[in-house]
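Taken in order, these protein sequences are the chains called C and W.
Counting with our numbering, you get residues 52 to 162 for the letters of the first sequence.
Counting with our numbering, you get residues 523 to 637 for the letters of the second sequence.
For every residue, glycine included, the Cβ atom is placed at its ideal position computed from N, Cα and C.
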Amino acid sequence: QKEVEQNSGPLSVPEGAIASLNCTYSDRVSQSFFWYRQYSGKSPELIMSIYSNGDKEDGRFTAQLNKASQYVSLLIRDSQPSDSATYLCAVTFTGGFKTIFGAGTRLFVKA
Amino acid sequence: ETGVTQSPTHLIKTRGQQVTLRCSSQSGHNTVSWYQQALGQGPQFIFQYYREEENGRGNFPPRFSGLQFPNYSSELNVNALELDDSALYLCASSTQTGGLGNTIYFGEGSWLTVV
Numbered sequence: 052q053k054e055v056e057q058n059s060g061p062l063s064v065p066e067g068a069i070a071s072l073n074c075t076y077s078d079r080v081s082q083s084f085f086w087y088r089q090y091s092g093k094s095p096e097l098i099m100s101i102y103s104n105g106d107k108e109d110g111r112f113t114a115q116l117n118k119a120s121q122y123v124s125l126l127i128r129d130s131q132p133s134d135s136a137t138y139l140c141a142v143t144f145t146g147g148f149k150t151i152f153g154a155g156t157r158l159f160v161k162a
Numbered sequence: 523e524t525g526v527t528q529s530p531t532h533l534i535k536t537r538g539q540q541v542t543l544r545c546s547s548q549s550g551h552n553t554v555s556w557y558q559q560a561l562g563q564g565p566q567f568i569f570q571y572y573r574e575e576e577n578g579r580g581n582f583p584p585r586f587s588g589l590q591f592p593n594y595s596s597e598l599n600v601n602a603l604e605l606d607d608s609a610l611y612l613c614a615s616s617t618q619t620g621g622l623g624n625t626i627y628f629g630e631g632s633w634l635t636v637v
């Protein structure tokens, strides 16, 4: 079982819709959770981090964490064509030194 | 703009050759991690350097080696290049080696093609 799993997609949503991206992680003591966005041919850039159960909002982005279900999600409201990218979920585990990434979900926002 | 700089941005090498990739960390960051990202995959952890010492290593062979310098900049060296080494190599810096809130910030990456 992979430590961080994401649906590879592609996920296609119309402009203005809500895009929902999901991530599950393995049964270990988890600590910090991150969402990165990666445009084609570019390096990943940090969108959000979340450490506690519940929701965290930043502009059009909302991260949701449920440690009991080992589940973290990213909601993008009012999706724009410029949001089309690969979204990487990343996790660090208690006592760990490295950040572990999922394979990413490709998102297409249709104008 | 993360303040993490990498060089070179693109390079082509022949199988069996050696390559050195360089990274300057963000100001105030003392930890550097290197990742390999093959096409269509997520970044895979190679190793991490903290205070000039290797702090942890992923599932990569010994021909992948690194260095960290007193100014916290770092190098990734790959010997005996193989075709499968073709990938985007990412350097990431952070203020700590782990723990709650430790966030890594990536440079622009170095695209390596092995022919």
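Reduced DSSP secondary structure (H/G/I, E/B, other) of residue i
i, result
"K529/W", "Note on residue identity: the sequence assigns Ser, not Lys, to residue 529/W. Strand, per DSSP."
"L561/W", "coil"
"P65/C", "strand"
"S133/C", "helix"
"L543/W", "strand"
"L610/W", "strand"
"G603/W", "Note on identity: in this sequence residue 603/W is Leu, with Gly being the wrong assignment. Three-state result, L603/W: coil."
"G146/C", "coil"
"R111/C", "coil"
"E96/C", "strand"
"L589/W", "strand"
"E576/W", "strand"
"N117/C", "strand"
"Q82/C", "strand"
"L622/W", "coil"
"V637/W", "coil"
Neighbour flag for residue i against chain C, beta carbons, 8 angstroms
i, result
"Y571/W", "no"
"Q548/W", "no"
"I626/W", "yes"
"E630/W", "yes"
"F567/W", "yes"
"Q590/W", "no"
"Q563/W", "yes"
"L622/W", "yes"
"S529/W", "no"
"G578/W", "yes"
"T617/W", "no"
6 angstroms Cβ shell around residue i - same chain, five flanking residues per side excluded
i, result
"V123/C", "C74, F84, L116"
"F159/C", "P61, S63, S135"
"A162/C", "E66, P132"
"T150/C", "A141, T143"
"D109/C", "M99"
"T542/W", "E597, N599"
"T113/C", "D106, L126"
"P95/C", "Y87, Q89, L139"
"F152/C", "L139, A141"
Test: residue i CB closer than 8 angstroms to a CB of chain W
i, result
"A154/C", "yes"
"L158/C", "no"
"S83/C", "yes"
"L125/C", "no"
"T75/C", "no"
"G147/C", "yes"
"I69/C", "no"
"L72/C", "no"
Nonlocal neighbours in the same chain, by C-beta distance under 7 angstroms from residue i, ignoring five residues either side
i, result
"L589/W", "S596, E597"
"Q618/W", "T553, N624"
"A609/W", "Q558, Q559, A560, L634"
"G525/W", "Q548, S549"
Residues near residue i by beta carbon distance below 8 angstroms, same chain, minus five either side
i, result
"G580/W", "Q566, F567, I568, F569"
"E640/W", "Outside the modelled stretch of chain W, which goes from 523 to 637, sits residue 640/W, for which no answer is possible."
"S59/C", "A154, G155, T156, R157"
Chain B within 8 angstroms of residue i, Cβ atoms only
i, result
"S555/W", "You won't find chain B in this structure, because its protein chains are C and W."
Margin query: When you compare the region 535-543 of chain W with the region 57-70 of chain C, are there three or more beta-carbon pairs, one atom per stretch, that lie closer than 8 angstroms?
Written below: The region 535-543 of chain W, when compared against the region 57-70 of chain C, does not touch it at the 8 angstroms Cβ threshold.
Check: In chain order, what residues of the region 95-123 of chain C put their CB closer than 8 angstroms to some CB of chain W?
Finding: If the cut-off is 8 angstroms between Cβ atoms, the region 95-123 of chain C has P95, E96, L97, S100, Y102 near chain W.
Notebook entry, point to check: On the three-pair Cβ rule with 8 angstroms, is the region 593-612 of chain W touching the region 136-147 of chain C?
Noted result: Segment contact: the region 593-612 of chain W against the region 136-147 of chain C, fewer than three CB-CB distances shorter than 8 angstroms; contact not assigned.
Item checked: the region 610-621 of chain W / the region 550-570 of chain W touching (three or more Cβ pairs under 8 angstroms) -> Between the region 610-621 of chain W and the region 550-570 of chain W there are three or more C-beta pairs closer than 8 angstroms, enough to call the two in contact.
Next item on the list: Could you list the residues in the region 600-613 of chain W with a C-beta less than 8 angstroms from some C-beta on chain C, going in chain order?
Entry: Against chain C - using a Cβ distance shorter than 8 angstroms - the residues of the region 600-613 of chain W are L610, L612.
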